[in-house]
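Chemist:
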Amino acid sequence: MRLSQYLFSTSKESSKEAEYSSHKLMLRAGLIKKFAAGIYSYLPLGYRVLAKISSVIEDEMDHIGAQRLLLPFLQPAHLWKKSGRWRNYGKELVRFQDRKGADFALGPTHEEIITQLVKEEISSYKRLPLTLYQIQTKFRDELRPRGGVIRAREFLMKDAYSFCRNKEELISVYQKMKGVYERIFSRCGLNYKVVEADTGPIGGKVSEEFIALASSGEDKIVVCKHCGYTAKLEKAEYEPLEEAQNELKAMKEVSTPNARTVQEVSQFLHCRPRDILKTIFYQTEKGLIAVLIRGDHQINEAKLKTLLKVKKLEIAGNNLIKEEIGVEPGFTGPVGLDKYRLIADNTVMRSQNLVAGANRKDTHLLNVNAGRDFQPTIIGDIGFPLSGDMCPFCKSRMEVRRGIEIGHLFQLGEVYSRSLKATFLNEKGEEDYFVMGCYGIGVSRLLAAIIEQNHDSQGVIWPPEITPFQAIVIPTSEKTLKVAEDIYQDLKDHGVETLWDDRDLSAGVKFNDADLVGIPFKVIVGDTFLKEDRIEIKTRREAKIEKVRKNMISQRMKELTQDAK
RNA sequence: CGGGAUGUAGCGCAGCCUGGUAAGCGCGCCUGCCCCGGGAGCAGGAGGUCGUGGGUUCAAAUCCCACCAUCCCGACCA
Numbered sequence: 084m085r086l087s088q089y090l091f092s093t094s095k096e097s098s099k100e101a102e103y104s105s106h107k108l109m110l111r112a113g114l115i116k117k118f119a120a121g122i123y124s125y126l127p128l129g130y131r132v133l134a135k136i137s138s139v140i141e142d143e144m145d146h147i148g149a150q151r152l153l154l155p156f157l158q159p160a161h162l163w164k165k166s167g168r169w170r171n172y173g174k175e176l177v178r179f180q181d182r183k184g185a186d187f188a189l190g191p192t193h194e195e196i197i198t199q200l201v202k203e204e205i206s207s208y209k210r211l212p213l214t215l216y217q218i219q220t221k222f223r224d225e226l227r228p229r230g231g232v233i234r235a236r237e238f239l240m241k242d243a244y245s246f247c248r249n250k251e252e253l254i255s256v257y258q259k260m261k262g263v264y265e266r267i268f269s270r271c272g273l274n275y276k277v278v279e280a281d282t283g284p285i286g287g288k289v290s291e292e293f294i295a296l297a298s299s300g301e302d303k304i305v306v307c308k309h310c311g312y313t314a315k316l317e318k319a320e321y322e323p324l325e326e327a328q329n330e331l332k333a334m335k336e337v338s339t340p341n342a343r344t345v346q347e348v349s350q351f352l353h354c355r356p357r358d359i360l361k362t363i364f365y366q367t368e369k370g371l372i373a374v375l376i377r378g379d380h381q382i383n384e385a386k387l388k389t390l391l392k393v394k395k396l397e398i399a400g401n402n403l404i405k406e407e408i409g410v411e412p413g414f415t416g417p418v419g420l421d422k423y424r425l426i427a428d429n430t431v432m433r434s435q436n437l438v439a440g441a442n443r444k445d446t447h448l449l450n451v452n453a454g455r456d457f458q459p460t461i462i463g464d465i466g467f468p469l470s471g472d473m474c475p476f477c478k479s480r481m482e483v484r485r486g487i488e489i490g491h492l493f494q495l496g497e498v499y500s501r502s503l504k505a506t507f508l509n510e511k512g513e514e515d516y517f518v519m520g521c522y523g524i525g526v527s528r529l530l531a532a533i534i535e536q537n538h539d540s541q542g543v544i545w546p547p548e549i550t551p552f553q554a555i556v557i558p559t560s561e562k563t564l565k566v567a568e569d570i571y572q573d574l575k576d577h578g579v580e581t582l583w584d585d586r587d588l589s590a591g592v593k594f595n596d597a598d599l600v601g602i603p604f605k606v607i608v609g610d611t612f613l614k615e616d617r618i619e620i621k622t623r624r625e626a627k628i629e630k631v632r633k634n635m636i637s638q639r640m641k642e643l644t645q646d647a648k
């Protein structure tokens with residue numbers, strides 16, 4: 084492709100809208116263009132990467148016999164009404180009516196459609212297991228799109244669905260799919276972790292996420308470097324760091340005027356946040372409870388709900404607390420609160436001589452100790468881990484990392500086949516519900532994740548399998564333009580995906596653009612050619628230069644691109 | 001949906017406080033010359049409903065009100 088004729092523009096500055104380096108680089112390199120919040124066009128260069136990723140996906144999915152198809156983006160509402168999600172999905176599901184007044188939705192996911200399709204097509208166990216997938220635009224009217232294509236409203240997704248005879252077959256397909264995902268993400272040049280995850284509104288029981296490590300990611304995970312344990316923060320088990328055993332000191336009242344928050348109290352008393360005991364009140368259907376956790380940790384309400392076996396769990400309002408306890412939040416503590424259920428986090432039990440509210444205005448207690456000064460009703464893990472907390476399995480210190488969710492696996496079971504009455508006949512001639520799994524990859528989001536992990540101060544560094552072009556031929560002046568064209572033709576003829584920078588610009592501009600866009604090999608036709616009759620090949624990632632004779636270029640480039648893969 | 005911020009040329013910004021001088025700068029774009037190994041130089045040029053609507057005023061990019069859009073934090077989220 085001649086660059087002068089390619090829809091291609093780079094800029095030195097990125098829009099002020101971009102916060103993440105991947106977003107900035109995608110805009111600067113001219114991969115995408117925004118039209119509304121979370122709505123993007125993929126320009127030719129960006130689209131080439133999407134196409135490359137798609138073909139890696141297709142290649143790997145093919146290995147396990149998954150079949151590609153294309154389902155409608157516009158979905159009739161009646162299937163959604165049957166599954167119950169017409170009401171339950173929330174405002175992310177865009178609903179509208181056609182000219183006849185029939186309800187439709189823009190597809191945010193395709194369980195209903197595919198289940199209906201398979202229900203109509205498959206009636207015998209002999210045709211199972213069956214795995215189908217598509218790569219298609221999804222629309223979710225997100226509350227807050229962010230990070231460019233990291234969380235867009237319209238985005239490209241690969242979604243696969245498996246239909247099995249029974250649970251065992253589902254588990255076997257699921258495991259194969261997990262292997263496929265691992266190979267896809269590795270080929271895309273990604274550093275990722277597999278973590279246990281919640282199933283959310285999709286439903287089902289078992290679920291794992293693939294998280295690409297990135298400081299700009301929205302998801303937090305804990306990683307144990309020692310034994311490899313990884314989990315989403317909200318699901319993570321952990322043990323608080325063991326404190327040195329201190330002698331229990333006598334409890335003592337101190338005046339703490341206007342010091343309410345953990346930060347204020349720790350500053351006022353010159354202690355660490357972890358020396359403070361937080362008391363948070365929740366209203367439940369079983370009455371008001373007090374939840375106790377160490378000052379440096381946060382309460383995980385999902386864990387708390389499970390531990391208490393309650394449905395309703397709401398932070399108690401200031402007025403209610405004042406009425407019940409007789410003091411405003413900030414000065415509450417567990418001592419003397421025996422008539423309420425006291426739920427203590429493990430962190431509280433592992434610490435001695437904590438600072439807690441005295442249930443009196445502007446007053447705290449020093450040296451409060453669980454077991455001696457108050458008796459917790461229930462003790463358990465109800466917090467989020469912090470970096471430095473211990474792995475539940477090997478007791479090593481764990482780290483909290485951020486990442487971008489790039490893939491998600493679900494064992495759905497019979498959730499959709501039951502609601503849509505999708506059955507097949509088993510060996511005994513009886514009707515069974517399909518046992519389903521579904522498996523997603525955020526294809527457009529992968530672009531951002533890959534760039535997050537593969538860039539430097541100059542720009543993007545594309546991994547070899549998904550680079551939009553493998554090489555760019557750069558003549559450094561008019562004198563070498565013709566030779567450059569010959570080389571470009573030669574490379575093209577030999578199947579090397581090549582750009583030819585025929586623009587009338589200074590060499591520096593061309594080098595910088597090539598680096599910004601991240602082309603793995605620059606083929607430079609300049610002084611070295613004029614003086615030494617050699618062409619330079621310079622690599623993007625390592626900036627290594629080798630000099631090659633003109634007639635050897637295509638052969639050498641073929642070798643280099645093969646090696647890179 | 002709560003908190004914070006921003007809307008002036010394709011992009012990045014100044015002007016606004018203190019209304020009138022003035023629609024201005026840099027990048028990019030077009031023409032010509034000159035350059036050509038890491039974002040050159042000179043000369044000329046095109047490009048604007050100052051987010052939208054209303055109000056105040058002799059006069060509004062500038063002051064006031066409402067709305068819209070966008071971004072960030074949070075909540076939310078296959």
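Numbering (the numbering used here), first residue to last: 84 to 648.
The beta-carbon is built from N, C-alpha and C at its ideal position, and this holds for glycine as well.
Since the structure is predicted, the reported quantities are computational estimates derived from the model, not experimental observations.
1) Where DSSP assigns a beta bridge to glutamine 219, which residues make up the other side?
2) State yes or no: is the C-beta of valine 73 within less than 8 Å of the C-beta of asparagine 249?
3) Which same chain residues, not among the five before or five after lysine 386, have their C-beta less than 7 Å away from its C-beta?
4) DSSP three-state label for valine 393, please.
5) Less than 7 Å between C-beta atoms, sequence neighbours within five positions excluded: which residues of the same chain meet that for arginine 480?
6) Quick one: grab the DSSP three-state call for aspartate 431.
7) Whether or not the region 259-276 and the region 288-301 are in contact is what I'm after, with contact meaning three or more pairs of Cβ atoms, one per stretch, closer than 8 Å; do they touch?
8) Only counting the same chain, and skipping five residues up and downstream in sequence, which positions put a Cβ closer than 8 Å to that of lysine 95?
9) May I ask you to verify whether the region 547-555 touches the region 268-277, counting CB pairs closer than 8 Å and requiring at least 3?
10) Under DSSP, the beta strand (DSSP E) around leucine 448 begins and ends at which residues?
11) Along the alpha helix (DSSP H) that carries threonine 611, what are the first and last residues, could you check?
12) Following the continuous alpha helix (DSSP H) through histidine 353, name the residue where it begins and the one where it ends.
13) In the structure shown, what three-state DSSP assignment does valine 606 receive?
14) Please determine, among Ala373, Val579, Arg229, Phe246, the residue with the shortest C-alpha to C-alpha distance to phenylalanine 457.
15) How would you label alanine 649, buried or exposed, when you count the other beta carbons within 10 angstroms and need 16 or more for buried?
16) Can you tell me which of Lys593, Lys478, Leu213 puts its alpha carbon nearest to the alpha carbon of isoleucine 555?
17) In this structure, how does DSSP classify histidine 68 when only helix, strand and coil are distinguished?
18) Checking 8 Å against the spacing of the C-beta atoms, do isoleucine 233 and alanine 531 come in under that value?
19) As a quick exercise: from Gly601, Thr415, Tyr522, pick the residue whose alpha carbon is nearest that of glutamine 494.
20) Please look up how many angstroms separate the CB atoms of leucine 153 and glutamine 219, rounded, as I've assumed it's under 8 Å.
21) Specify the secondary structure class of threonine 362 as computed by DSSP and reduced to three states.
22) For the beta strand (DSSP E) containing isoleucine 408, list its first residue and its last residue.
23) Would you kindly report the start and end of the unbroken alpha helix (DSSP H) that includes glutamate 251?
24) Hey, how far is the Cα of glycine 486 from the Cα of proline 159?
25) Among Thr446, Asn452, Glu368, which has the Cα closest to the Cα of lysine 332?
26) Is it true that the CB of alanine 243 sits closer than 8 Å to the CB of methionine 84?
27) Once DSSP output is grouped into helix, strand and coil, what is the label at aspartate 302?
28) Can you round the beta-carbon distance between isoleucine 544 and serine 105 to whole angstroms, since I take them to be within the 8 Å contact cut?
29) With distances taken between CB atoms, is the gap from valine 337 to leucine 449 smaller than 8 Å?
30) What whole-angstrom Cβ distance do threonine 214 and serine 245 have, given they're in contact under 8 Å?
31) On the DSSP letters alone, give me the boundaries of the alpha helix (DSSP H) that histidine 161 sits inside.
32) Between which two residues does the alpha helix (DSSP H) carrying tyrosine 321 extend?
33) For a quick check, are the C-beta atoms of lysine 165 and serine 502 less than 8 Å apart?
34) At which residue ranges does the region 471-558 contain complete alpha helix (DSSP H) runs of 4 or more residues, listed in the order of the chain?
35) Output the distance between the C-alpha atoms of threonine 389 and glycine 190, rounded to the nearest integer angstrom.
36) Can you check whether the CB of glutamate 411 is closer than 8 Å to the CB of isoleucine 404?
Modeler: Taking the definition as stated:
1) Glutamine 219 is bridged to Met240.
2) This structure gives no information on residue 73, because the portion of the chain shown stretches from 84 to 648.
3) Cβ neighbours of lysine 386 beyond the five flanking positions: Asp464, Ile465.
4) When secondary structure is reduced to three states using DSSP, valine 393 falls in the coil class, being assigned neither helix nor strand.
5) Gly471, Met473.
6) The residue asked about is misnamed: residue 431 is valine in this sequence, not aspartate. Reduced to three states, the DSSP call for valine 431 is helix.
7) They touch, by the three-pair rule.
8) Cβ neighbours of lysine 95 within its own chain (closer than 8 Å, five residues either side excluded): Arg111.
9) With the cut-off at 8 Å, the region 547-555 and the region 268-277 touch.
10) First-last of the beta strand (DSSP E) with leucine 448: 446-451.
11) Taken as a continuous stretch (DSSP letters only), the alpha helix (DSSP H) holding threonine 611 covers 610-615.
12) First-last for histidine 353: undefined, no H or E at that position.
13) DSSP, read as helix, strand or coil, puts valine 606 in strand.
14) Answer by Cα proximity: Ala373.
15) With the chain running from 84 to 648 in the structure shown, residue 649 is simply not present.
16) Ranking Lys593, Lys478, Leu213 by Cα distance to isoleucine 555 puts Lys593 first.
17) The requested residue 68 is not part of the displayed model; the chain covers only 84 to 648.
18) The Cβ atoms of isoleucine 233 and alanine 531 sit closer than 8 Å to each other.
19) The residue with the shortest Cα to Cα distance from glutamine 494 is Tyr522.
20) The C-beta distance from leucine 153 to glutamine 219 rounds to 6 Å, short enough to meet the 8 Å contact threshold.
21) It is a strand residue.
22) For isoleucine 408, there is no enclosing beta strand (DSSP E); the enclosing alpha helix (DSSP H) covers residues 401-408.
23) Residues 250-270.
24) Using only the alpha carbons, I get a separation of about 35 Å.
25) Of the candidates Thr446, Asn452, Glu368, the one whose C-alpha sits nearest the C-alpha of lysine 332 is Asn452.
26) No, Cβ-Cβ distance for methionine 84 and alanine 243 is not below 8 Å.
27) Three-state result, aspartate 302: strand.
28) Going by Cβ atoms, the distance from isoleucine 544 to serine 105 rounds to 12 Å, so no, they are not a contact pair.
29) Remark: C-beta atoms of valine 337 and leucine 449 approach each other more closely than 8 Å.
30) Correct: roughly 4 Å between the Cβ atoms.
31) First-last of the alpha helix (DSSP H) with histidine 161: 160-166.
32) Taken as a continuous stretch (DSSP letters only), tyrosine 321 belongs to no alpha helix (DSSP H), as it is neither H nor E.
33) Yes.
34) Counting only runs of 4 or more, we get 498-502, 526-536.
35) If you take the alpha carbons of threonine 389 and glycine 190, they lie about 33 Å apart.
36) The answer is yes: Cβ separation under 8 Å.
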